[in-house]
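**Student:** Per the working numbering: the sequence shown = residues 706 to 788.
Following this message is one structure expressed as structure tokens.
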Amino acid sequence: MRVAARVPCRQGRGAGVGDNDTEAAVRELSVVGVRVELPSNQPIVLLREVEGDRYLPIWIGAVEATAIAYEQQGVKPARPVDA
């Protein structure tokens, strides 16, 4: 599963903290998987740059985590997965 995200970049590299001359660029990301952050037990989806080595964690809800995990495993639920 791949997604695109607009992330700050400077001259084709990652933006540094406090940079004022950054501009947004679209980067292709792939879904690494769904993880649970401890000790809060909050699910996150972990994305990774396709042409890079940066990761982007996104905190999500339990229903979204289940839907993403099902999609990655090829599981087709009998009904839509929603709250």
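Glycine residues also receive a C-beta, built at the ideal position from the N, C-alpha and C atoms.
1) Taking the alpha carbon of D758 as the point to measure from, which residue in E742, A774 and V737 has its own alpha carbon closest?
2) Roughly how many angstroms lie between the CA atoms of V755 and R732, to the nearest whole one?
3) Got a sec, what are the start and stop residues for the beta strand (DSSP E) V750 sits in?
4) So, at 7 Å on beta carbons, what are the nonlocal neighbours of I751 in its own chain, with the 5 sequence-adjacent residues on each side left out?
5) Got a sec, what are the start and stop residues for the alpha helix (DSSP H) I763 sits in?
6) Where does the unbroken alpha helix (DSSP H) through A772 begin, and where does it stop?
7) Please classify L743 as buried or exposed, where buried requires at least 16 neighbouring CB atoms within 10 angstroms.
8) Under three-state DSSP, which class holds A730?
**Tutor:** The structure says:
1) V737
2) 8 Å
3) Q747 to E754
4) Inspection of the sequence shows that residue 751 is occupied by Leu rather than by Ile. Once the five neighbours on either side are set aside, the close Cβ partners of L751 are V737, G738, R740, Y760 and P762.
5) Note, I763: premise wrong, no alpha helix (DSSP H); beta strand (DSSP E) at Y760 to W764.
6) A767 to Q778
7) exposed
8) strand
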